[in-house]
Every structure is written in structure tokens, then in C-alpha cells.
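One gets my numbering by counting positions in the sequence shown from 1 and adding 2 to each.
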Amino acid sequence: MSEASSKRRSSAEEMAKSQKEISVSEFFAKNRHLLGFDNPRKALLTAVKEAVDNSLDACEEAGILPEIWVHIEPAGKDKYKAGIQDNGPGIVKKQIPLIFGKLLYGSKFHRLRMSRGQQGIGISAAGMYGLLTTGKPVKVVSKISPRKPAHYFEIKIDTKTNKPDILNGSGDGEDIPPNDEGRKWMTKHEIEWVEVPNGTRVTIELEAKYNRGRGSVDEYLEQTAISNPHVTLHYTDPDGTEKHYERVITELPPEPVEIKPHPYGVELGRFAHMLHVSSEKSLGKFLTEAFCKVSPSAAKQFCSEAGLDYRKPPQKIHRSEAEKLYEVIQSAKIPPPSTDCISPIGEEHLLKGLHKVVPGQFFVTATRPPAVYRGNPFQIEVGLAYGGVPASHKVSMETLQEMLGESDARTLRQFLTSTFDGLGADAADKIIKNARLRPRVSPKNIEDKEIIRLHESLQSLNLSEGQSMNVYRYANRVPLQFQPGACLITQTVTGMNWRSYGLNQTRGQLPRGPVTLIVHLASVWVPFTSESKEAIASYPDIQKELRLALQSVGRKFGMYMKRREKVKHEGERRSIFLRYLGEVASAVSGVNGMDRKMLYDALLQTAKSKTVMADAVLGEDGKPVEETEDDFGRNVIIAGSDLTA
């Protein structure tokens, strides 16, 4: 080996000089894909989602029925300005820079109660992404009272120190006077504000791409209206089109109650740390005060079994003693934690939201009783809608032209499957063939006459067989838009046998048919697979409850499908009878001389009685108007009055 190759290139002392602390902001600035900002289209959705989630949490915590305004407008080439405002309680002045200009800052991380936000990263990360891609600061207006000044800040995050840098008002923000004087000040400084007594508006300019269809802001807001039937949403898209989702209920969800950690949800290292930093004077007091569902008698029993003094200060417990006590606690039978820390949507409210937003013929919902994973309470809710018009039928000619021009899909087949919910590869091929187009042609290269044929094919083709189930995933009322394949919800749905409920299904795939499925997980701590909160990790306890909820709605849906098929079959039988009744009546009349009309009427009455199922009519409660043995139970809506419709 030569002397040059064996020589060390750097010494320990030199390497030590290069070691330095990494700011959490600096880390996420270089790894923004972890937070959901890995491409311009996804970045726009993530920014809007984080702001809307914060607004909903703030309104509900303050006991205010939420009303939210979302306004997106172009701000240059591949740049958009997103403004989100609420009618919430507002934010006190000193907290505004920290909330919007500091990562890992919030009030929800240490609380064991259901909330949309968990980590204190989202909205400040959206502002950081906007700053990195456009150089523009986050603009925040917040008002806590109609009689007090509103506060206006322009903030950028210092990624080196993870601290906010305030650019206006000599580093202290600006106060906007109330009433007419304040309105004139906002107009002069071009600050957007919907006039409400109190609330907060955040405006972020960012590099982004706006698309309609799957994974878009439009779809996110529509799904948010389903899971939050108590909210009113006003949305203005980049084309200036306004859409309003009015609330369908006027009551707030029950306020979740904060609980203490459950012993089953604490790992050994954390347990030892809690002992070390505890301010309690006795081990028994520590166990009863630090955890829920640990009574004084249970604490004494744990200490006795571990061979520890109940009165010993927790700070003096050695590592080996802590480990022995931990093992005793984990093996003991401790009641599950209280479930008032979660606030599910509720079967009735979910049914109303589903019926309002999703077109269909049959609607059913089910909520499982609360359960526990790793000491964390959770609850599963499922809703199912069958029938209705596919998303591809609702698109206008002008919108289709815009969507084709904006799409980044490489082929027409990819454009169709990635744009329209529930439209699988088979259905896409069917549409393309009917429109006499090539499946691998680029969407941007399609000529006007070809677009006309494509639009006609989308509108006229029956896609019921080729349409795949559309699955909406929710965690704490928040729609999950990306990474469906990595999510426990999708994996559980595809793993079920939907053929027994009347749907076609290939093994390991979503079932086929015009079905929209909604699955909601409510928990004090949702086990997301990453910081971007896009998929739920696989826990056997959660999967078990999810499967039971799916089976619950599946059974009612199966009853509906069987009844629907029977009605169709009986209708076909009756049509055959009616086709030949006239000839039979004439022939019999010619043989025995009976009155033909009287004979025809008698035969018609017999045919109707034999095919009475064809006349089945159901009301809005899901029960037949004419009494039969079938009963779909509670929380079912059947639109229209004819099962064959």
C-alpha cells in the first residue's frame, strides 16, 4: 500500500470542529417531503389543509360554530396565494409569531385528547415552504374582539434558530384599529379580511400547482364537509368560481376531555423518566396522579408485588426497581381509559353529511364502541353510499379541457385513473376505446375534436362495472389524501370479501361498483406512518375494530343489494307475463267463450300477486312502506322510492 493512500485525510480534532447542532427547522427545510411538501400540487393542498384544521380546532375549542373562507388565486407563473380565514376566537398578539414562525410549537402535543393537529408543525411548515419557494413571508391577521384592535404580522421563520422573524412594525407587528378606521387601514395596505367580530386569517404565497380531481383542494374541502357537518365552508378557486358548503347540523361535537396517560401506553424508558422528574413525595402518590385508572389500592398492590415501599420517593427508585415495577404494572389487569377524550362524528351526523355531499341511492353508517390500542382510546366509524353519478359524469366540457391542459400525467389512461375517483384501469380503457383514442397519447396533445369525443364517452358510458370502490379515509375528522396503499384502512378494505355483499372483487383489489366508502378513526393519538400524516400505521387492535365496522355496514348493504336484485328479477318476470297475457286471454276466450276482458283482468291480478316484490317501495328511513320481513335498521337512507331506479 502506498504512503499516499494510507495517509488519513482528516483527524479526530478536525472532524470535531465540523460537528454542530442542527435546528429542527433546518432539518425539515432540507427534508420537506416528510411534511407533505414534496411536489407543488401536494404543497398547495397541504398548506390549505393545515390552516383549515387549525381553524376547526380553534372554533370547536372556543364553542363557536365554525365558518371558514378559503380563497386561492394565481400569483405568477407556478405560484399561488392561499388565504384561509375563520370566525374563531382569534389569537393573542404575543402568540402569533410563535404559532406561525416556529416549528414544534403548539398546545396539542402533550395533551391526551382528540384534536386534528398533534405535532405543532403543520402551519409553520407551510409558511416555511412558502418562504423557501417564493421568498414571501406569511401574513397573519387576528382579531379577538370587535372592540379591540386586530393584530397584523408579516412573519418568516429563521431556519438556523427555529425562531420567528417579524418583518413589519419594527419587529413587533402592527395593530389595526377597530371599526371604520381599521377597514380603511386594511384597504390601504391591501390586506384581505372578511368582516367578522373575531377570527384569524393566514395568507401564504407559495410555489404550487392547482389541479382538480383526486388529491386536490376541491376534493379535500368536499370531504371535510362530510366529516364536519357542523361547519360552513366558502371556497373560491383560482378561476374565481365560488362553492359553498352549508352546515347541515347546528350543534358542535361534544368537547373532548383531556385524560392522563394509561399505564399500558407508557414504555419503560418514559416510565423511568417520569419517576425521575416527578414532584410527588411517595411512589404510591406518583402512580395515582401520573396515570389514569390507577387507584390507591391498585398502586399499593403494584408496589407490594414489586417489593417496593409505597412511601418511598419516586426520585430515589433505581433503574432495576423501576423495571421490576414496570413489569408488574404491564402484567396487571387495569381498566381501559375513559373514552370521553374522543369525539366521534356520530352515525346520524355522518349519515347527514354523506347524504348531502355524495350522490347515491343507498346510504348506511355504523359506529363501533370505543376501544384501546397501547393505552390510547380510539373509535371507528364507517359510512357507505351506493349508486349516484360517477365523478367523470359531472365534469363539463370546459372543465375537461382545462384539466387536460393542466395535467402532468404522461398518458391519457393515467390521466383518467388519477383524476376521477373510483375510475379504475378497466373503466379508463373502456372510455378511451369508446372515444376512439389511443391510451398512450399525452393529455396535452389531444385535439379539440378528440376532446369532444372523450367528453361524450365520459358522459354516456355506463361505468358501474368498471368503476372501483371510492374510499375516503379520515383521522380525527381530517381527510387523508395521499399514500392510500400504505394505509391500514385501504389494506383492511381490500382484504375483506365484498363478494358476499353483492360486489365484484378481484383478490387483493378494491371491489368494483359505484360505491363510496368513508372510514373515520377518532383517537387521542393517531398512529400516522410519517410526519406528513397521510397514512395510518398497522395496529392489530385498530384493524380488528375496523373490520367489524365494515362488516356492520356490509351486512345492511348486502340486504339492500339482494332486495334490489329480487325486485329486478320480479320485474322481469312480470314483464314476461304481461307480454303474453293478451294472447292467453284471447285463446282461452275463443275456447270456452268467457269474456276476454274479465279473463285478462283476472290473469293480470294473478301476475301482480305472484310478482308483488316488483312493487316494493321504501321510505327515507330505509324501511319498506309496505310491511315486509326485511328491516335495514337504524342509520339508513334510501333515496327515491323505487329499488330498481
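The beta-carbon is built from N, C-alpha and C at its ideal position, and this holds for glycine as well.
Subject >> Residue range of the unbroken beta strand (DSSP E) whose run includes W71 >> reply: 69 to 76
Original post:
How about T1 and G92: do their beta carbons lie closer than 8 angstroms?
Top reply: Since the first and last residues shown for the chain are 3 and 647, residue 1 lies out of range.
Original post:
Leaving out five residues before and five after T367 in sequence, what residues of the same chain have Cβ atoms less than 6 angstroms from its Cβ?
Top reply: E349, L352, L353, G385, N637
Original post:
What are the start and end residues of each continuous alpha helix (DSSP H) run of 4 or more residues lying completely inside the stretch 203 to 244, in chain order?
Top reply: 219 to 229
Original post:
Are A430 and R442 touching if we call contact CB-CB under 8 angstroms?
Top reply: Taking 8 angstroms as the Cβ cut-off, A430 and R442 do not qualify as a contacting pair.
Original post:
Tell me which same chain residues have a C-beta within less than 6 angstroms of the C-beta of E156, skipping the five on either side of it?
Top reply: P139, K141, L169, N170
**OP:** Keeping to the same chain, check which residues put their C-beta closer than 7 angstroms to that of I331; ignore five residues upstream and five downstream.
**Re:** P265, F304
Original post:
Along the chain, where does the alpha helix (DSSP H) that runs through D431 open and close?
Top reply: 427 to 436
Subject >> In DSSP terms, what P166 is bridged to >> reply: I159
Original post:
L327 and A308: beta carbons closer than 8 angstroms?
Top reply: Cβ distance < 8 angstroms, so L327 and A308 count as in contact.
**OP:** Report yes or no: do three or more beta-carbon pairs, one from the stretch 229 to 243 and one from the stretch 66 to 75, lie closer than 8 angstroms?
**Re:** Three or more pairs of CB atoms, one per stretch, sit closer than 8 angstroms, so the stretch 229 to 243 contacts the stretch 66 to 75.
Subject >> Pick from E197, R214, G137, T508 that is closest to E400, judged by C-alpha positions >> reply: R214
Original post:
So the alpha helix (DSSP H) I125 belongs to, where does it begin and stop?
Top reply: 124 to 136
Subject >> Distance between R272 and S340 (C-alpha atoms, nearest Å) >> reply: 22 angstroms
Original post:
Taking the DSSP output, what are the residues bridged to I382?
Top reply: L523.
Original post:
Who are L353's beta bridge partners in DSSP?
Top reply: Answer is none; L353 lacks a bridge partner.
Original post:
Going by beta carbon distance, what residues of the same chain come within less than 8 angstroms of S280, once the five residues before and after it are set aside?
Top reply: F288, A292, P316, Q317
Original post:
In whole angstroms, what is the alpha-carbon distance linking K51 and H275?
Top reply: 35 angstroms
Original post:
Are the CB atoms of W500 and Q507 nearer to each other than 8 angstroms?
Top reply: When the beta-carbon positions are compared, W500 and Q507 come within less than 8 angstroms of each other.
Subject >> Cut-off 6 angstroms between Cβ atoms - residues of its own chain near S409, not counting five sequence neighbours on either side >> reply: F417, P445
**OP:** Less than 8 angstroms between the CB atoms is what I'm expecting for K150 and P180, so what's the real figure, rounded?
**Re:** 7 angstroms
Original post:
Based on Cα-Cα distance, which residue from T136, P148, H153, E194 lies nearest to H73?
Top reply: E194
Original post:
With respect to the beta strand (DSSP E) encompassing P481, which residues constitute its N-terminal and C-terminal limits?
Top reply: 480 to 482
Original post:
CA-CA distance, I146 and E449?
Top reply: Whole-angstrom Cα-Cα distance: 54 angstroms.
Original post:
Going straight from the alpha carbon of K245 to that of M116, what length do you get?
Top reply: One Cα belongs to K245, the other to M116, and the distance between them is close to 29 angstroms.
**OP:** Helix, strand or coil for I454, going by three-state DSSP, please let me know.
**Re:** In the structure shown, the three-state DSSP call for I454 is helix.
**OP:** Starting from the C-beta of G556, find all residues in its chain whose C-beta is less than 6 angstroms away, skip the five residues before and the five after it, and write them out in chain order.
**Re:** Y503
Original post:
Since S57 is in the alpha helix (DSSP H), which residue starts that stretch and which ends it?
Top reply: 42 to 63
Original post:
Which ranges would you report for the beta strand (DSSP E) in the stretch 303 to 370 if only whole runs of at least 3 residues count?
Top reply: 364 to 369
Original post:
Which residue's Cα is closest to the Cα of D241: L552, I453, E75?
Top reply: Per the Cα distances, E75.
**OP:** Work out the CA separation of K451 and T531 for me, nearest whole Å.
**Re:** 45 angstroms
**OP:** Locate the alpha helix (DSSP H) running through V495, then write down its first and last residues.
**Re:** The continuous alpha helix (DSSP H) containing V495 extends over residues 490 to 497.
Original post:
Run through DSSP, which three-state label would I2 get?
Top reply: Residue 2 cannot be examined here, being either before or after the span of the chain that is shown, 3 to 647.
Subject >> Rounded Cβ spacing between D342 and V259 (contact assumed at less than 8 angstroms) >> reply: 5 angstroms
Original post:
Which value, in whole angstroms, describes the spacing of the CA atoms of E257 and M563?
Top reply: 38 angstroms
**OP:** Report the three-state DSSP secondary structure of V198 (helix, strand or coil).
**Re:** coil
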